[in-house]
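Student: Sharing a structure below in C-alpha cells format, with a few things to ask.
2 protein chains.
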Amino acid sequence: MNLKTLAEQLGLSQTTVSRALNGYPEVSEATRLRVQQAAEQFGYRPNSRAKGLATGRAMMIGHVIPTSNKHEMVNPVFGDFVAGASEAYAKFGYDMMFTRVQDGNAEQAYRELLAKRAVDGVVLQGPLINDSRIALLNKMGLPFVVHGRSTGVSEAYSWVDVNNKRAFERATEFLIDLGHRRIALLNGLETMDFAQRRRDGYLHALKHRGLAASPDLMRAQEMTEVYGYRETMSLLALKTPPTAILTSSMITAIGVRRAIEDSGLKMGRDISVITHDDDLSYLKNGQDVPIFTALRSSVRQAGEIAAAMLAELIDTPDHAPMTRMLEAELVVGCSSGPAPQD
Amino acid sequence: MNLKTLAEQLGLSQTTVSRALNGYPEVSEATRLRVQQAAEQFGYRPNSRAKGLATGRAMMIGHVIPTSNKHEMVNPVFGDFVAGASEAYAKFGYDMMFTRVQDGNAEQAYRELLAKRAVDGVVLQGPLINDSRIALLNKMGLPFVVHGRSTGVSEAYSWVDVNNKRAFERATEFLIDLGHRRIALLNGLETMDFAQRRRDGYLHALKHRGLAASPDLMRAQEMTEVYGYRETMSLLALKTPPTAILTSSMITAIGVRRAIEDSGLKMGRDISVITHDDDLSYLKNGQDVPIFTALRSSVRQAGEIAAAMLAELIDTPDHAPMTRMLEAELVVGCSSGPAPQD
DNA sequence: CATGAGATTCAAAGCGCTTTAAATAGTGAT
DNA sequence: ATCACTATTTAAAGCGCTTTGAATCTCATG
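So the sequences go chain by chain: A and B.
Quick note on numbering: the working numbering labels position 218 of the first sequence as 864, and the sequence is numbered without any gaps.
Quick note on numbering: the working numbering labels position 70 of the second sequence as 716, and the sequence is numbered without any gaps.
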C-alpha cells in the first residue's frame, strides 16, 4: 500500500492525502479524518526512503564505531549510553544506526554518511585527546554532539560530559581527609580524554594538599576486570603499598576487590577503594548500602541528554553549540575508611 | 555532488555513469576507469535514499529493542552480540539500525519497519518461550534470524543458538562426578527461552543420575551481580546448603563469588561454582587460568554467524530456513572441585 | 447575478538514483 | 558501399513521496 493506491481508494489526489496525514492546515477536517481512518485501516506507512528523498531528512542518527578499539562497542558503558540515547531518539522520531569502521577510517565514514545523506546528525563517543573528528565534523557541517570533550580542540562544539576532573579531585581529597597518603590511580587508557581529566583531578588534589604524586602508583589501561586484579596485585607487592585505590570503572573495581580478597585483606579496612560508577543497570552498586564508595553519574542519562541536544541542533540550523556538564555524586559505601595506622 | 552533475562533468549520461560505478558489463573499460576516477576525485557517493528507492533495497538490518526489559539493550551480552553482527554486516555492505519500542509494541514495530521499507531484514534477539514474533515475521515475509530458539513455536525459522541444554547437562554431570549432590541453579529469567533450556539440561542430568531436584535450590531472575549475591547468601543460609552452584552469567557469578567470600568460605574448595560464560571481551574469565569453571561460548561469534546468515537469506529469496547450533566448551577453572566431605 | 476572497483540491515537477527500451557507433563480411 | 551484428551510450520512465503553482468550489457581498 503506497500513497498512490491509497489516494485512489479514497478518490483523492496524492497531494491531499499527503497533506492530510502530515497535518497541513489546508485540508478540511472531514477529509483529514477520512484519510486518517483509511490509512489506519490499510496499515499505510509512507516509504521512509521516498519520504527522506523528498524531504531531504533521513530521520536517522548515526553512530560510528571504530573497530580499532575492539572493546569500544562491547564496552558496557557504550551499551548504557546508547540505551539512553535511543530512548530520546524515539521521542523525536529518529532511528539510530551504527556503522562499524576500520580504525583510522572514521573520517572516511563520516564523509560517506554525509555524502550518502544517510543521517541527519551523529553522536561522537569516546573522544580522544585532540580528537581530529571534531574539526572534521564542524567543517562538514554535519550536526553532532560529543559524549565527553576533547582537550586540545579549540573550536566550539556541542558536548555532554561529566565533570571528571572535579569528581576525581573530590574523591582524592576525600581519601586524604581520611588520612590516606599513598593513593593509587587505576585509570583508563589515557589517550581517552576522560582519563586524562581524571588524572588531572587526582594530581591536582594531591598537589593542593601538598602530597607528591608517585608514578608507581599510577596505571592506565583499558578498564577490564583482569586489569583491576593484576594491577592491584602489583600495587600490593610494592615495598610501601598504597592504602587507597582510585579506579575508573566498576568492572575494574571488581577486579580490585578480587585481588584484595585473594591477598587476605579486607576492603574498606585494610585498603580503601573508590571507583567511578556509570550506574549501569545490570551492575548496580549494591542496593541498600553501596558496596563501593563511588563517583556516580548515570551514563544512560548522559545518552538521553546528548540525543535531545542533537535533535535540537538538527531542528535549528546554525544553532550555537550547546554544552552540558554533569556532576558526579560522591556516594559513600563500604569500600572506604580511615587509613590504617602502621 | 550527485549523479547528474557528475555525469555533466564527464560529458556522459547518468545511465552510463551509474553503470560504470555499479560494475555493469555494457560499459567500455576506458569510460569505466574515467568515471571511477572522477567519482573518487569529487568524493561522489550515491544518495542512499535515492538508491534505496530505485533498487527497493535498504541495505539496512533492523534490531527492535523492547523497552519493557529495561536491561535488554544495556545487557552486556547484547553489546557483544551486536558487535559481532555489525562486523559481519559491514562485510556485506549493510548498516544496522535500532528501534526502541514500548513493550508489547514489538509487533507494531516490525510492521512499521516493513511498511516503511526501512530494512531488508531483522535479527530477533532474546526470544521468549512461544514467541509470537516469529510467526509474525514469517507471515510478513520479512527475512529474519533468531538469536536463540523459541520452544513451542512449530513453524520453521532460521536461528543461531548455543546448545544450552547440553551445556548445563554437562556441567551438572561434571559436578555430580565430583561428588556434589546438592547443586543449586541460579538461572536467568525463565520466560527467556535459553533459561528454560538450561533448566531442562540441569534437571535432565539430575534425573539421569538418580538425584532429586530440590525447588529451594533453583532460582530464576534477571542476571545481575546483586542477584548472584543475594541468592547465594540465601542459599548458604539453608539448613543444608548446596555444595555447588550453577549460574547463568559471569556477572551473576561475580556476585556469587562475593557472597561466598563475604561468608568466609573459599570458592572451589568449600563450594563449587560453574557459570555460563559468553566470552565478553571486557570481562574475560581470567587469562592463564580461568577464575571460573565455565561453559564458554562466544556470543560475539554468534552475532557474526547470525548476520552472515541473514545476509544470505536476504540475497536468496525463498531460501530455506538455516540453523546453526553452537556447542559450549566446558573450561575447567579454579572455582570447582570435589564436594567437601562432611 | 456577477464577483472576489477564502477554503479545498489537484496536476505536475522534483528529490537522486536505477533500468528499460531505443539510438548510435563500430566492425568485419558481402 | 551495404548489411548484419555487436558494443556502447543515451533518453526517459519510474521508485514513492513532498510541495509549488494552478484550478475549482463556496459563499457572503455589492
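We treat Cβ as the ideally placed atom computed from N, Cα and C, and that holds for glycine.
Tell me which residues share the same chain as Thr-662(B) and place their Cβ nearer than 7 Å to its Cβ, disregarding the 5 neighbours each side in the sequence.
Tutor: Counted from its first residue, the second sequence places residue 662(B) at position 16. Same-chain partners within the cutoff: Val-673 and Thr-677.
Student: Bridge partners of Arg-691(A), per DSSP?
Tutor: Within the first sequence, residue 691(A) is the residue found at index 45, counting from 1. Paired residues: none, contrary to the question.
Student: Just to confirm, are Asp-726(B) and Val-945(B) a CB contact at a threshold of 8 Å?
Tutor: Here residue 726(B) refers to the residue found at position 80 when the second sequence is read from its first residue. Here residue 945(B) refers to the residue found at position 299 when the second sequence is read from its first residue. A contact, by the Cβ cut-off of 8 Å.
Student: Tell me, to the nearest whole angstrom, how far the beta carbon of Val-723(B) is from that of Asp-924(B); I am working on the premise that it is less than 8 Å.
Tutor: Position 77 of the second sequence, counting from 1, holds the residue named residue 723(B). Position 278 of the second sequence, counting from 1, holds the residue named residue 924(B). That pair is a contact at about 5 Å.
Student: Along the chain, where does the alpha helix (DSSP H) that runs through Ala-752(B) open and close?
Tutor: As a working note, residue 752(B) is residue 106 in the second sequence. Note, Ala-752(B): alpha helix (DSSP H), 752-761.
Student: Using C-beta distances below 7 Å, list every residue in its chain close to Trp-805(B), excluding the 5 sequence neighbours before and after it, in chain order.
Tutor: Start at 1 with the first residue of the second sequence, and residue 805(B) comes out as number 159. The residues are Val-791, Val-792, Gly-794, Arg-795 and Thr-969.
Student: Is the region 735-750 of chain B touching the region 726-745 of chain A, taking contact as three or more C-beta pairs under 8 Å?
Tutor: Yes: at least three Cβ pairs fall under 8 Å.
Student: Leaving out five residues before and five after Pro-712(B) in sequence, what residues of the same chain have Cβ atoms less than 7 Å from its Cβ?
Tutor: Taking the first residue of the second sequence as position 1, residue 712(B) is located at position 66. Once the five neighbours on either side are set aside, the close Cβ partners of Pro-712(B) are Glu-718, Val-747, Asp-749 and Ala-752.
Student: How about Tyr-875(B) and Ala-905(B): are their beta carbons less than 8 Å apart?
Tutor: As a first step, residue 875(B) must be located in the second sequence, where it is residue number 229. As a first step, residue 905(B) must be located in the second sequence, where it is residue number 259. Yes. Within cutoff.
Student: Can you find a C-beta in chain B that's less than 8 Å from the C-beta of Met-838(A)?
Tutor: Here residue 838(A) refers to the residue found at position 192 when the first sequence is read from its first residue. So no, Met-838(A) is outside the interface.
Student: Keeping to the same chain, check which residues put their C-beta closer than 7 Å to that of Glu-877(B); ignore five residues upstream and five downstream.
Tutor: Looking up residue 877(B) in the second sequence gives position 231. Contacts found: Leu-832 and Arg-865.
Student: Assign Gln-842(B) to one of two classes, buried (16 or more other C-beta atoms within 10 Å of its C-beta) or exposed (fewer than that).
Tutor: Locating residue 842(B) in the second sequence gives position 196, counting from the first residue. Result: buried.
Student: Exposed or buried, which one is Asn-810(A) when buried takes at least 16 other CB atoms within 10 Å?
Tutor: Residue 810(A) sits at position 164 when you count from the first residue of the first sequence. Label assigned to Asn-810(A): buried.
Student: Just the Cα atoms here: how many angstroms apart are Leu-774(B) and Gln-754(B)?
Tutor: As a working mapping, residue 774(B) is identified with position 128 in the second sequence. As a working mapping, residue 754(B) is identified with position 108 in the second sequence. Roughly 17 Å separates the two Cα atoms.
Student: What number of angstroms, rounded off, separates the C-alpha of Pro-888(B) from the C-alpha of Gln-987(B)?
Tutor: In the second sequence, the residue the question calls residue 888(B) occupies position 242. In the second sequence, the residue the question calls residue 987(B) occupies position 341. For Pro-888(B) and Gln-987(B), the distance between alpha carbons rounds to 13 Å.
Student: Report yes or no: do the region 842-853 of chain A and the region 814-832 of chain A share at least 3 C-beta pairs separated by less than 8 Å?
Tutor: Yes, they touch.
Student: Who are the neighbours of Met-743(A) on chain B, taking C-beta pairs under 8 Å?
Tutor: Taking the first sequence and counting its residues from 1, one reaches residue 743(A) at position 97. Met-706, Asp-741, Met-742, Met-743 and Phe-744, listed in chain order.
Student: Indicate whether the contact test is met: 3 or more Cβ pairs, each with one atom in the region 819-833 of chain A and one in the region 972-984 of chain A, closer than 8 Å.
Tutor: Result yes; three or more Cβ-Cβ pairs closer than 8 Å.
Student: Along the chain, where does the beta strand (DSSP E) containing Ser-778(A) start, and where does it finish?
Tutor: As a first step, residue 778(A) must be located in the first sequence, where it is residue number 132. That residue, Ser-778(A), is in no beta strand (DSSP E); its alpha helix (DSSP H) goes 778-786.
Student: Name the DSSP beta bridge partners of Asp-741(B), please?
Tutor: Within the second sequence, residue 741(B) is the residue found at index 95, counting from 1. Looking at the DSSP assignment, Asp-741(B) forms a beta bridge with Met-706(B).
Student: Can you find the residues in the same chain that come closer than 7 Å, C-beta to C-beta, to Gln-867(A), ignoring five residues on each side of it along the sequence?
Tutor: Counted from its first residue, the first sequence places residue 867(A) at position 221. Answer for Gln-867(A): Leu-835 and Tyr-873, listed in chain order.
Student: What does Tyr-756(B) touch in chain A if you count any residue whose Cβ is under 9 Å from its own?
Tutor: Counted from its first residue, the second sequence places residue 756(B) at position 110. Within chain A, no residue comes near Tyr-756(B); the closest Cβ sits about 12 Å away, beyond 9 Å.
Student: How is Thr-969(A) classed by DSSP in three states: helix, strand or coil?
Tutor: Working through the first sequence from its first residue, we reach residue 969(A) at position 323. In the structure shown, Thr-969(A) sits in a strand (DSSP, three-state: E or B).
Student: So that I know if they touch, is there some Cβ in chain A lying closer than 8 Å to that of Asn-721(B)?
Tutor: Counting from 1 along the second sequence, the entry for residue 721(B) is found at position 75. At least one chain A Cβ lies under 8 Å of Asn-721(B).
Student: For a contact meaning CB atoms closer than 8 Å, what does Tyr-670(A) contact in chain B?
Tutor: Residue mapping note: residue 670(A) aligns to position 24 of the first sequence, counting from 1. What Tyr-670(A) touches in chain B: nothing, since even the nearest Cβ is about 20 Å away.
Student: Given Ser-900(A), which residues of its chain have a CB within under 6 Å of its CB, disregarding the five upstream and five downstream residues?
Tutor: As a first step, residue 900(A) is located in the first sequence; it is residue number 254 there, counting from the start. Looking at the sequence provided, one finds Ile at residue 900(A) rather than Ser. Excluding positions up to five away in sequence, the list reads Glu-871.
Student: Go ahead and pull the three-state DSSP assignment for Asp-924(B).
Tutor: Within the second sequence, numbered from 1, the residue matching residue 924(B) stands at position 278. Asp-924(B): coil per DSSP, three-state reduction.
Student: Quick check on the burial criterion: 16 or more other C-beta atoms within 10 angstroms. Buried or exposed for Asp-964(B)?
Tutor: Within the second sequence, the letter at position 318 stands for residue 964(B). Answer is exposed; the Cβ neighbour count stays below 16.
Student: According to DSSP, is Phe-727(B) helix, strand or coil?
Tutor: Here residue 727(B) corresponds to residue number 81 of the second sequence, with the count starting at 1. In the structure shown, Phe-727(B) sits in a helix (DSSP, three-state: H, G or I).
Student: Taking Leu-892(B) and Ser-909(B) to be in contact with their CB atoms under 8 Å, please state how far apart those CB atoms are, rounded to whole angstroms.
Tutor: To locate residue 892(B), count along the second sequence from 1; it is residue 246. To locate residue 909(B), count along the second sequence from 1; it is residue 263. Not really, about 18 Å apart at Cβ, beyond 8 Å.
Student: Less than 8 Å between CB atoms is the rule here; does Glu-950(B) satisfy it with respect to chain A?
Tutor: Here residue 950(B) is taken as the residue at index 304 of the second sequence, counted from 1. Chain A contact via Cβ: absent.
Student: Residues in the same chain with beta-carbon distance under 6 Å from Ala-940(B), minus the five sequence neighbours each way, listed in chain order, please.
Tutor: Translated into positions along the second sequence, residue 940(B) becomes position 294. The residues are Thr-921, Asp-923, Asn-931 and Val-977.
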